[in-house]
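Accompanying notes for the structure given below.
Residue numbers (my numbering), protein chains in the order written: chain A, 40 to 195; chain B, 40 to 195; chain C, 40 to 195; chain D, 40 to 195; chain E, 40 to 195; chain F, 40 to 195.
Spelled out as structure tokens, the structure:
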């Protein structure tokens with residue numbers, strides 16, 4: 040088993056997938072933004088219309104998923120056929136989940152991780168005026184279906 | 040103190056900074072990619088030319104910093120005047136630091152956090168064929184200089 | 040019948056089209072830029088090489104069609120297989136038509152409307168030094184073929 | 040008075056503004072999306088969370104304003120210092136207003152018109168499953184401040 | 040035989056390929072950056088870590104290939120299935136080769152030429168502080184497979 | 040004298056220009072596309088409206104200049120204040136010149152070279168159906184003004 044993103048001279052390449060079959064691909068990723076409880080209250084509270092930070096983050100995550108191959112150098116362009124995100128607001132943390140689907144020759148793990156990352160950064164951006172100590176973390180692949188490597192489900 | 044990214048009707052806007060002074064702005068962010076020790080060995084080991092995963096991640100992070108306002112909805116476009124990244128390879132983790140500078144009306148926290156996030160996602164992408172359990176985390180602002188809100192240094 | 044761009048929690052998502060068939064899709068959209076008769080004369084007259092404003096608008100419209108999924112948040116990326124535009128110069132108005140084709144799982148209405156909108160904005164941009172009162176309007180879908188919803192033809 | 044976007048050989052160029060002063064620039068544009076009353080009810084009604092179509096359109100308009108110089112061929116890149124949008128829902132029409140500010144050498148009319156256009160297209164996109172007869176129109180500059188050409192206010 | 044990128048009114052269009060078959064497409068392009076021998080020594084020598092200019096150029100070329108349809112007005116968007124680049128350092132010249140693959144309705148000549156061009160410009164950018172006299176040249180298609188026009192091999 | 044795009048660990052960075060003065064910057068670059076005489080005749084001849092290939096190339100070159108920092112990894116974003124291009128059609132060659140201006144902390148050599156490269160690639164794209172043997176070459180900086188390194192004029 041070796042890193043596939045390198046050619047014989049040891050330099051990076053976009054892995055060749057020309058001969059791979061097009062199959063339905065699904066990936067689910069998760070992450071979180073940890074923040075002060077008061078910051079959570081600002082997001083959910085009476086001070087602003089409930090949910091708007093998350094609405095913006097949702098749009099940003101979906102748009103970010105579509106830009107994955109523009110930003111991650113060795114990612115293949117893919118025509119995403121579905122992106123959905125959900126958020127769960129805890130006491131001092133916002134959980135983010137992104138689900139991405141396509142019919143293609145490569146998986147959509149990176150698109151799901153990108154959706155979660157961009158949504159997390161958007162939450163950070165919109166709250167940073169009141170809390171600079173937030174931390175984005177636990178960004179990880181939860182599940183992946185389709186393709187030769189088969190079904191992956193993270194053991195948590 | 041309230042979230043500044045909302046207008047009177049509670050909808051998101053790009054905060055007005057028209058009258059703010061242009062000052063030197065610096066931001067430093069950090070994050071990490073946790074992975075199996077064997078994955079670290081693949082990156083640093085004899086199997087591939089030392090450092091290439093990190094070279095690609097470095098380029099991706101710098102390019103990502105420049106795209107921040109394209110992807111984070113309420114971010115102001117800024118003309119970055121310097122971006123530098125560094126990596127530290129530990130036993131089961133790669134630490135990432137991004138430093139961004141500009142002379143402008145708003146800070147570059149988001150650009151530094153974006154650089155770190157995109158570099159982390161790139162490392163994930165290049166190693167995911169051998170390790171799907173990697174986790175991106177602890178993405179946070181370390182230091183910020185310039186602007187009215189003054190010097191911020193994370194207490195760690 | 041309900042808006043399809045929302046998930047169960049009422050938040051926006053990119054509608055899932057994973058299982059849809061790939062069929063030939065065609066969409067035609069139209070719009071116009073209303074302007075002073077003298078502005079029309081500047082565009083068509085002896086003062087500048089005939090047609091150049093429209094040449095630039097044509098290129099902009101075609102390039103704009105290709106960027107639709109970058110800008111319209113819930114649009115699916117599509118590999119366009121043909122874009123054509125035409126213009127008709129009237130006494131105080133330029134009519135714009137855009138035709139877009141693809142073979143894909145979703146229609147290309149948005150791409151055709153985007154092509155017309157970006158062409159109209161480009162005409163505005165190139166003439167605004169002499170006429171700020173121009174108005175872009177009547178941007179609408181004229182015809183749509185392909186896909187489950189069948190043939191649509193606007194009743195005009 | 041002549042079209043400024045052409046060089047001596049009659050071909051398009053990006054107008055030179057090198058020696059112009061940097062001044063505060065403000066532009067306000069408006070437009071609308073006409074639609075069936077039932078479509079309006081879908082957007083505002085109990086069926087989906089009030090306002091979400093407009094939330095997405097707002098984010099899209101703001102992000103679109105930032106991409107103006109990417110899409111409109113002869114537009115100068117500008118560092119926007121503020122973008123705000125508002126919507127008014129009428130019986131069979133949604134009014135859109137976009138306000139853009141910068142400190143720069145050229146005006147932000149195109150950015151304001153772009154914000155309105157992209158917001159309108161986003162509304163169309165999100166409602167097109169239930170109403171293909173919508174029409175985007177009356178996109179126009181309402182007011183413009185700053186720069187040598189002075190204060191413009193549309194006579195309506 | 041005539042230029043295919045023009046419609047009946049003589050204006051540019053994106054050539055229609057809707058009915059074309061999807062076949063495996065391969066294109067190889069080459070080019071070079073001529074420079075002073077001392078500049079070559081800076082790139083390869085002991086002064087900096089061997090190869091890094093070329094590493095950055097490699098990443099830039101691959102990312103550039105993916106952006107071809109964004110920048111070349113009449114290019115069709117294509118989902119690249121493989122991009123690889125190689126460099127050969129001569130006494131006063133760096134040779135660049137780019138190979139691009141896809142399964143699609145149109146060829147990838149432009150993507151291969153774009154990869155080589157962006158890699159060459161990146162080399163220029165990274166060395167221009169020490170040598171402004173560099174020259175980028177001989178960018179040409181070497182080989183092309185797939186599609187109706189058949190196998191092309193440049194006679195050199 | 041050493042390559043400035045590397046940090047102490049030998050990895051690429053975006054060179055810091057934070058403290059540099061903003062001055063007027065001008066750069067002129069040139070290049071060419073060599074092609075068969077019959078291809079030239081197709082471009083200029085009666086078969087299509089004279090000049091349209093060059094109109095599209097002009098627009099592409101100007102738009103390409105604005106995307107330089109998106110594509111060339113270590114390039115600083117700059118707000119271009121003027122871009123102009125010109126073409127000269129010879130017997131078997133099209134000469135391309137691009138001139139770019141800004142007021143900024145770094146020069147616009149790369150933007151001028153990018154404008155010429157993208158215009159050349161666009162000409163190639165629009166003529167490749169009738170001539171695959173074209174060659175893009177002699178892309179070089181002709182003149183550069185502004186900034187600490189002073190006036191550069193290529194000795195030709």
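C-beta: ideal position from N, C-alpha, C; glycine also.
From a predicted model like this one, the values you see are computed outputs, not experimental measurements.
Say whether chain A places a C-beta atom closer than 8 Å to the C-beta of residue i.
i: residue 85 of chain B; result: Unreliable placement is indicated for residue 85 of chain B, whose pLDDT of 49 sits below 50; the coordinate value is still reported in the next sentence. With 8 Å as the cut-off, residue 85 of chain B does not count as an interface residue toward chain A.
i: residue 54 of chain C; result: yes
i: residue 192 of chain E; result: no
i: residue 113 of chain C; result: yes
i: residue 150 of chain B; result: no
i: residue 75 of chain E; result: no
Which residues in chain A sit within 7 Å of residue i, going by Cβ to Cβ distance?
i: residue 144 of chain C; result: 120
i: residue 157 of chain E; result: Chain A residues near residue 157 of chain E: none, gap ~12 Å exceeds 7 Å.
What are the residues that DSSP puts in a beta bridge with residue i?
i: residue 67 of chain E; result: E:138, E:182
i: residue 128 of chain C; result: C:133
i: residue 62 of chain F; result: F:143
i: residue 148 of chain A; result: Paired residues: none, contrary to the question.
i: residue 192 of chain B; result: B:182
i: residue 122 of chain D; result: B:53, D:139
At the level of alpha carbons, what is the spacing between residue i and residue j?
i: residue 85 of chain E; j: residue 127 of chain E; result: Residue confidence is low: residue 85 of chain E scores 49 on pLDDT, short of 50, so the model does not pin down where it sits. No coordinate-derived value is stated.
i: residue 49 of chain F; j: residue 78 of chain B; result: 23 Å
i: residue 70 of chain C; j: residue 125 of chain F; result: 32 Å
i: residue 74 of chain A; j: residue 92 of chain A; result: 14 Å
i: residue 174 of chain A; j: residue 43 of chain B; result: 20 Å
i: residue 120 of chain B; j: residue 141 of chain A; result: 38 Å
i: residue 72 of chain B; j: residue 105 of chain A; result: 23 Å
i: residue 97 of chain A; j: residue 52 of chain C; result: 8 Å
i: residue 185 of chain D; j: residue 94 of chain A; result: 34 Å
i: residue 139 of chain D; j: residue 111 of chain B; result: 18 Å
i: residue 164 of chain C; j: residue 67 of chain A; result: 43 Å
i: residue 192 of chain E; j: residue 167 of chain C; result: 49 Å
i: residue 113 of chain A; j: residue 54 of chain A; result: 7 Å
i: residue 108 of chain C; j: residue 81 of chain A; result: 32 Å
i: residue 83 of chain E; j: residue 183 of chain F; result: 27 Å
Could you tell me whether the Cβ of residue i comes closer than 8 Å to any Cβ of chain B?
i: residue 108 of chain E; result: no
Considering only C-alpha positions, which residue in the set the options is nearest to residue i?
i: residue 58 of chain E; options: C:53, C:65, C:57; result: C:65
i: residue 135 of chain A; options: A:114, A:118, A:160, A:145; result: A:160
i: residue 63 of chain C; options: C:107, C:118, C:98; result: C:118
i: residue 172 of chain D; options: C:177, C:186, C:171; result: C:177
i: residue 225 of chain D; options: D:109, D:147, D:137; result: Given that chain D is displayed from residue 40 to residue 195, the structure contains no residue 225 of chain D and the question cannot be resolved.
i: residue 102 of chain A; options: A:179, A:170, A:195, A:158; result: A:158
i: residue 15 of chain B; options: B:143, B:170, B:150, B:76; result: Residue 15 of chain B falls outside the range modelled here, since chain B spans only 40 to 195, and no answer is possible.
Using a Cβ cut-off of 8 Å, pull out every chain F residue sitting near residue i, in sequence order please.
i: residue 94 of chain C; result: 91, 94, 95, 98
i: residue 69 of chain E; result: By Cβ distance, chain F contributes nothing, its closest Cβ being about 10 Å from residue 69 of chain E, past 8 Å.
Less than 8 Å between CB atoms is the rule here; does residue i satisfy it with respect to chain E?
i: residue 125 of chain C; result: yes
i: residue 51 of chain A; result: yes
i: residue 168 of chain F; result: yes
Are the C-beta of residue i and some C-beta of chain F separated by less than 8 Å?
i: residue 129 of chain E; result: no
i: residue 102 of chain B; result: yes
i: residue 183 of chain B; result: no
So with Cβ pairs under 8 Å, would you call residue i a contact of chain C?
i: residue 72 of chain A; result: no
i: residue 187 of chain E; result: no
i: residue 66 of chain E; result: no
i: residue 172 of chain D; result: yes
Can you pull the chain D neighbours of residue i, defined as C-beta to C-beta under 7 Å?
i: residue 44 of chain C; result: 165
Using a C-beta to C-beta distance shorter than 8 Å, which residues of chain E count as neighbours of residue i?
i: residue 57 of chain A; result: 63, 120, 121, 140, 141, 142
Would you say the beta carbon of residue i is closer than 7 Å to some non-hydrogen atom of the ligand SAM?
i: residue 185 of chain C; result: Ligands are entirely absent from the displayed structure, and the ligand SAM is therefore not among its contents.
Using a Cβ cut-off of 8 Å (strictly closer), state whether residue i contacts chain D.
i: residue 48 of chain B; result: yes
List, in chain order, every chain D residue whose beta-carbon is nearer than 8 Å to that of residue i.
i: residue 117 of chain B; result: 118
Taking C-beta pairs closer than 7 Å, name the residues in chain B that residue i reaches, listed in chain order.
i: residue 160 of chain A; result: 111, 149, 152, 153, 156
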